[in-house]
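Data block below; observations after.
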Amino acid sequence: MSLHPIDLLIIALYLLITVGIGFYISKKAASNLDAYFLGGNKIPWWALGVSNASGMFDIAGTMWLVSMCFVYGLKSAWLPWIWPIFNQVFLMVYLSAWLRRSNVMTGAEWLKTRFGTGRGAELCHLAVVIFAVVSAIGFISYAFKGIGKFAVIFFPWQLSPDTYALIIFAVTTLYVVKGGMYSVVFTEILQFIIMTIAAIAVGVIAMDMVSAEALAEATPEGWKDLFFGWQLDLNWSGVIDSVNQKIQDDGFSLFGFFFMMMLFKGVLSSLAGPVPNYDMQRILAAKSAKDAAKMSGIVSLVMFFPRYMMVAGLTVLALVYIGPELQSSNKIFDFEQILPYAISHFIPVGLSGLLIAGLLAAFMSTYAASVNAAPAYLVNDVYKRYFKPDGSEREYVLMSYLVSTLLVVVGVGVGFLITSINDIMQWIFGALFGGYAAANLLKWHWWRFNAYGYFWGMISGLAASLALPLLFPQLQPLYAFPFLLLAGLMGSIVGTFMTPPEDDEVLMAFYQNVRPWGFWQPIHDKVVAKNPDFKGNRHFYRDLFNIVVGMTWQISLVVLPIYLVIKEHFSMAIALVVMLVTSFILKKNWYDKLED
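Under the working numbering, residues 300 to 895 are what the sequence shown spells out, in order.
The following block contains the structure:
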């Protein structure tokens, strides 16, 4: 498909505006590292939250969600738990506040507040920097593969997907590297507005073009069911036979077992806190701990309705109008191409340009956030700390430009080696983040856990996750999570008990400042002995209750727009009631009780 000149003009204008904003704002960003990476802690919480939501509204992830919704129907609402998407609930309830109280620039710098400044802490810094860089490269390659697959459908020149991705990367890198956090946040707010308008329009078009009866004929029995048993029980035979092979290849047939693994992995990963990427940067960029919590809360509130309006809209259009063609041709179809294919066939001129601009915005958001986050670790925690502690702020910002560019080059190189969005997505969220879980869970909740335990836990978990695709290329990364967790846990425990505890003064200062709950009684007693007025965190059960309510609230936000688009009005009404009730509970039991 070649885009209409009007659509091409809309896309070109959008790209010019975003690059222009990046360069215009760059004077603010270039003043010092704090301004470049955290916006000087002056950006409003709601702007950071909308920016974070825009960064998660990525094109590769959206292509994956559309393909999952096409194949699994309403049950696909659970599949983002593999990331896990409900980590935002843990963050909003308590972890964002805990993290922001540190008043640092990066996750590596935060480690000083927990482990002090000895040799073990130095090794911790190294481990987090390595993880941040590997994670950023993974996200960059993920974005590279997604944008290439998307662009090749629309643009008129006969170029390969990877060539298109290179061109778009070059444009995006200009404003990200130049503008820093200011540029990322303010362009992402614009991007989110565009994406929301386009997404809701797609949902409305689908509702107008597809009747409930036509959708029922295009889907197998059980496609509209949110809940499930041990088996998936979704048989596409006679509807689109090739989808059964897709389900088998994904390894989701035992859906009950898969769901339990997602929940097990997701809860432990969420307890570990945010990984050192764009999500953590926005928490650290908030003005206060209270604002950090509110920022994490607004992400779910603003993101799900427009995103799933578009996902559901494109899915039902593809099912009704493309499904019969897939069944009759009996060809092997790349389900990740459903999103661009549906846009090219069903969205009118003008709106196509706006939607593609919005999806390019979504890509640029994820890419921009990843590129902005990782250099903070290399510049602030390596270059400034070990090589040029007395360098000028201008020198550090210039070094950030260079590091950002190098990371893009490496990420693009990895992107050339990957064939599937699903492959890299599963590895990042299933394997890489799985290896991160053990050490980072213990650092918040166990006083005896020390710097050497953290270092060996991180390194063993990271090594296991990197070895997984090489040793067991056919293994579903989620099913490997218990082994990755065990690797990280063994490294953490052995490293901790082979070395002495951290200094009491360091632990007491951390405990008084962050006020975590967990296994901190010995430190609590020492703090109280020194400061009898100190009150520890007694909100464990309240936080646990709010997390359960928050996860229920979040899934209702996901299914509400899907039910609206597929015209399941009774189910939509139930989801709306659940959303309103859980919102009321969270207002009373979480929002009203926030504190710095």
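A virtual CB, placed ideally from N, CA and C, is assigned to each residue, including glycine.
query: Nearest CA to the CA of Ser791: which residue from Trp522, Gln775, Trp745?; result: Trp745
query: Rounded to a whole number of angstroms, what is the C-alpha to C-alpha distance between Trp755 and Gly794?; result: 6 Å
query: Can you tell me which of Ala346, Gly596, Ala737, Lys866 puts its alpha carbon nearest to the alpha carbon of Val388?; result: Gly596
query: Where does the unbroken alpha helix (DSSP H) through Ala808 begin, and where does it stop?; result: 803–813
query: Compare the C-alpha of Trp344 against each of Lys589, Trp377, Pro776 and name the closest.; result: Lys589
query: Assess, as a yes-or-no matter, whether the segment 591–607 is touched by the segment 851–863 under the definition of 3 or more beta carbon pairs within less than 8 Å.; result: yes
query: Could you check whether the segment 422–429 touches the segment 752–769, counting it as contact only if at least three pairs of C-beta atoms, one from each stretch, sit closer than 8 Å?; result: yes
query: Between the C-alpha atoms of Tyr685 and Leu777, what's the straight-line distance to the nearest angstrom?; result: 37 Å
query: On the DSSP bridge list, what partners appear for Trp745?; result: Phe818
query: What does a CB cutoff of less than 6 Å around Gly550 pick up in its chain, not counting 5 residues either side in sequence?; result: Gln775
query: Measuring straight from C-alpha to C-alpha, what distance separates Gly710 and Asp524?; result: 39 Å
query: Under three-state DSSP, which class holds Pro573?; result: coil
query: With a 10 Å radius around its C-beta and 16 neighbouring C-beta atoms as the bar for buried, classify Arg399 as buried or exposed.; result: buried
query: Relative to the C-alpha of Ser242, which residue among Ser627, Ala617, Phe634 is closest?; result: Residue 242 lies beyond the residue range present for the chain, which begins at 300 and ends at 895; the question has no answer from this structure.
query: Take Leu567 and list the residues in its own chain whose beta-carbon comes closer than 7 Å to its own, dropping the five residues that flank it on each side.; result: Ala736, Leu740, Leu784
query: Taking 7 Å as the cut-off, decide whether the C-beta atoms of Gly348 and Met609 are in contact.; result: no
query: Quick check on Glu801: buried or exposed, where buried means 16 or more other Cβ atoms within 10 Å of its Cβ?; result: buried
query: For the alpha helix (DSSP H) that contains Phe830, what are its first and last residues?; result: The question names Phe, yet the displayed sequence has Asn at residue 830. Run containing Asn830: none; DSSP gives neither H nor E here.
query: Shortest alpha-carbon distance to Phe430 belongs to which of Lys411, Tyr810, Ile758?; result: Ile758
query: Rounding to the nearest angstrom, what Cα-Cα distance links Pro799 and Gly760 in this structure?; result: 22 Å
query: Using C-beta distances below 7 Å, list every residue in its chain close to Ser536, excluding the 5 sequence neighbours before and after it, in chain order.; result: Asn543
query: Please state the DSSP three-state secondary structure of Tyr335.; result: Bear in mind that a pLDDT of 45 at Tyr335, under 50, signals an unreliable position, so the number given afterwards is only what the model happens to contain. Correct three-state label for Tyr335: helix.
query: If I follow the unbroken alpha helix (DSSP H) through Ser628, where does it start and stop?; result: 622–628
query: Is Pro799 helix, strand or coil by DSSP?; result: coil
query: Which value, in whole angstroms, describes the spacing of the CA atoms of Lys866 and Ser510?; result: 8 Å
query: With Gly657 and Ala497 assumed to form a contact (beta carbons below 8 Å), what rounded beta-carbon distance in angstroms separates them?; result: 4 Å
query: DSSP on Phe453, reduced to helix/strand/coil?; result: helix
query: Near Phe818, what residues of its chain come up, given a Cβ to Cβ distance below 7 Å and the 5 sequence neighbours on each side ignored?; result: His744, Trp745, Trp746
query: Would Ser358 and Gly447 be called neighbours here (beta carbons separated by less than 7 Å)?; result: Reading off the sequence, residue 358 comes out as Ile, not Ser. In this structure, Gly447 does not lie closer than 7 Å to Ile358 by Cβ.
query: Given a cut-off of 7 Å on the beta-carbon distance, is the pair Lys742 and Arg418 in contact?; result: no
query: Which term fits Val648, buried or exposed, when burial requires 16 or more other beta carbons within 10 angstroms of its beta carbon?; result: exposed
query: May I have the straight-line CA-CA distance separating Ala591 from Ala396, to the nearest angstrom?; result: 6 Å
query: If you draw a straight line from the alpha carbon of Phe833 to that of Leu843, how long is it in whole angstroms?; result: 23 Å
query: Assuming the contact rule is C-beta atoms closer than 8 Å, Lys619 and Ala517 should be a hit. Round their C-beta distance to whole Å, please.; result: The sequence as given places Val at residue 619; Lys does not occur at that position. Correct: roughly 5 Å between the Cβ atoms.
query: Should Ala641 go down as buried or exposed, given a rule of 16 or more other Cβ atoms within 10 Å for buried?; result: buried
query: Please state whether DSSP places Ile865 in a helix, a strand or coil.; result: coil
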